[in-house]
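For what it's worth, our numbering labels the leading residue of the sequence shown as 184, then goes sequentially. Glycine is no exception: its CB is placed at the ideal position from the N, C-alpha and C atoms. What follows is a single structure, written as C-alpha cells, with notes after it.
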Amino acid sequence: PPVFLETTTPSLQRRLPVLLSQLPSAGFLVADRFTLADIEAGYSLRLAIKAGLIEFDDVAGYLQPLMDRPAAKAAEFFRSIEPKAG
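Printed below as a string of C-alpha cells:
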C-alpha cells in the first residue's frame with residue numbers, strides 16, 4: 184500500500200466507525216438538504232472505499248443519493264466505486 188495509507192490507516196480505523204455511526208441510512212446529513220458536509224463525507228467515504236477500509240454496501244444507503252446527483256455523474260466523481268452491474 185502507499186506510504187500515506189500505512190501511516191494513516193490506524194487513525195482512520197479509529198475514526199471511520201464514528202463517521203459511519205452518524206450517517207443516515209437515507210437522505211443528507213443536515214436537515215434533509217445537500218450541504219458542504221455531504222460533499223466532505225462523500226469524498227471521505229469514497230477514499231475509504233478505494234483504500235479498502237470500508238465496503239460500499241456499508242454506506243450505500245447514504246452514498247447512493249450523492250452518487251445520483253447530476254453534478255457527481257457529470258464529473259464521474261464516484262465512477263471508481265460504482266457497483267458493477269450484473
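Run the CB neighbour count on L246, radius 10 Å, all protein chains shown included, and call it buried at 16 or more, exposed below. buried
My assumption, with CB atoms under 8 Å, is that L199 sits in contact with L230. Please give the rounded CB distance. L199 to L230, Cβ: 10 Å. No contact.
Exposure of G225, with buried meaning 16 or more beta-carbon neighbours within 10 Å: buried
For P266, which of T192, S227, I222, A243 has the nearest alpha-carbon? A243
Tell me which same chain residues have a C-beta within less than 8 Å of the C-beta of D241, skipping the five on either side of it? L203
Taking the straight line between their C-alpha atoms, what separation do you get for R190 and A234? Looking at the sequence shown, residue 190 is not Arg but Thr. The alpha-carbon atoms of T190 and A234 are separated by roughly 13 Å.
Apply the 10 Å Cβ neighbour rule to D215 and answer buried if 16 or more other Cβ atoms are within range, or exposed otherwise. exposed
Own chain residues within Cβ distance below 6 Å of V213, not counting five before or after: A220
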